[in-house]
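**Q**
Numbering (the working numbering), first residue to last: 837 to 1050.
(1) Should residue 1044 be labelled buried (16 or more other beta-carbon atoms within 10 Å of its own) or exposed?
(2) Going by C-alpha to C-alpha distance, which of 885, 995, 880 and 966 sits closest to residue 1031?
(3) Of the choices 861, 935 and 948, whose alpha-carbon is the least far from that of residue 999?
(4) The ligand ZN heavy atoms versus the CB of residue 895: any closer than 7 angstroms?
(5) In three-state DSSP terms, what is residue 876?
(6) Can you tell me whether residue 949 is helix, strand or coil according to DSSP?
(7) Closest by CA to residue 884, which one among 1003, 952, 923 and 1046?
(8) Do you know how far the Cα of residue 993 is from the Cα of residue 983?
(9) Buried or exposed: where does residue 942 fall if 16 or more other Cβ atoms within 10 Å of its Cβ makes it buried?
(10) Roughly how many whole angstroms lie between the Cα atoms of residue 1013 and residue 985?
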């Protein structure tokens, strides 16, 4: 049985081990972690091909007006607007829906994909951003993917740029900024186990303080 009632969202710099830390927390709290599974769920429920979700996964967009997306969403997908909407927006809306449905099912961990923004009206959410210094991230990515330091650094730069553009475009917040999240943790200082432990402690404190307010 889950040891928490909290939904944890994790934003992460590439190479900061955000997902791995998420898995440690999920195991300790006995809750499920959703990463790529969010895409599978959104594809299944929207009827849009899963390959398209993978192609557009956390990728920035320049086309179309953001306002139209949210207008269409708030008005319940008017058929004309929704039909004309670019596929990347349809995919974002399908993911937005899937994230909220997953959250409604109970405590879990959601990695990336603007989950903190999708759930900003939920009281039982702890949003965390995991970062690390560039040297630690380069070492990690170079080791995992057998790359030179220069290639690892370039991959980190490109991936972070995509994640940042995606988040900044679809949410009303700024990726990586402290005020966009409840907590920002440096995994290069705390270590993977220490960062997981810090998240679990934050969950405990949040639930304790929340109970006091009831």
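Cβ coordinates follow ideal geometry from the N, Cα and C atoms, glycine included.
Source: prediction; values computed, not measured.
**A** Here's the rundown:
(1) What you label residue 1044 is simply residue 208 of the chain shown in a count that begins at 1. Exposed: under 16 other Cβ atoms inside 10 Å.
(2) By 1-based counting over the chain shown, the position of residue 1031 is 195. The option with the nearest alpha carbon to residue 1031 is 966.
(3) By 1-based counting over the chain shown, the position of residue 999 is 163. Among 861, 935 and 948, the Cα nearest to that of residue 999 belongs to 948.
(4) Among the ligands in the structure shown, none appear at all, so the ligand ZN cannot be discussed.
(5) Within the chain shown, the letter at position 40 stands for residue 876. Helix at residue 876.
(6) Walking along the chain shown from the start, residue 949 turns up at place 113. In the structure shown, residue 949 sits in coil (DSSP, three-state: anything other than H, G, I, E or B).
(7) Taking the chain shown and counting its residues from 1, the one referred to as residue 884 is at position 48. Nearest option by C-alpha distance: 923.
(8) Here residue 983 refers to the residue found at position 147 when the chain shown is read from its first residue. Here residue 993 refers to the residue found at position 157 when the chain shown is read from its first residue. Each residue's alpha carbon lies about 14 angstroms from the other.
(9) Looking up residue 942 in the chain shown gives position 106. Result: exposed.
(10) As a working note, residue 1013 is residue 177 in the chain shown. As a working note, residue 985 is residue 149 in the chain shown. One C-alpha to the other measures close to 26 angstroms.
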